[in-house]
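In my numbering, the protein residues as written are 1011 to 1098.
A quick write-up on the structure given underneath.
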């Protein structure tokens, strides 16, 4: 699991330790390039925030599943279910 944010490194250092308690890595995308490349900018606040989107990457490197919801609940279950389906 890698989180992605358009915050700068200093902001993410604080967030990673306090908010997510270092449970997963968080990458900085201060310029918004990755947010734009994955087309996940929030429509109501274009260019300033990313939507919360989870991607399951298959062994062949392709995106096998996508779950988009600003509510963090459900992301893990959706990705685990998709991973189980991928194994079948």
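Built from N, CA and C at the ideal position, the CB exists for glycine as well.
Whole alpha helix (DSSP H) elements within the stretch 1013 to 1068, 4-residue minimum = With a minimum length of 4 residues, the continuous alpha helix (DSSP H) runs that stay inside the stretch 1013 to 1068 are 1019 to 1028, 1043 to 1047.
Are residue 1073 and residue 1063 touching if we call contact CB-CB under 8 Å?
-> No. Outside cutoff.
Buried or exposed (CB count within 10 angstroms, at least 16 for buried), residue 1081 | By the C-beta density criterion, residue 1081 is exposed, having fewer than 16 other C-beta atoms within 10 angstroms.
Mind checking whether residue 1040 and residue 1017 have CB atoms under 8 Å apart?
-> In this structure, residue 1017 lies closer than 8 Å to residue 1040 by Cβ.
Residue 1087 lies in the alpha helix (DSSP H); which residues open and close that run?
-> DSSP places residue 1087 inside the alpha helix (DSSP H), whose first and last residues are 1085 to 1097.
Who does residue 1075 pair with in a DSSP beta bridge?
-> Residue 1075 is bridged to 1066.
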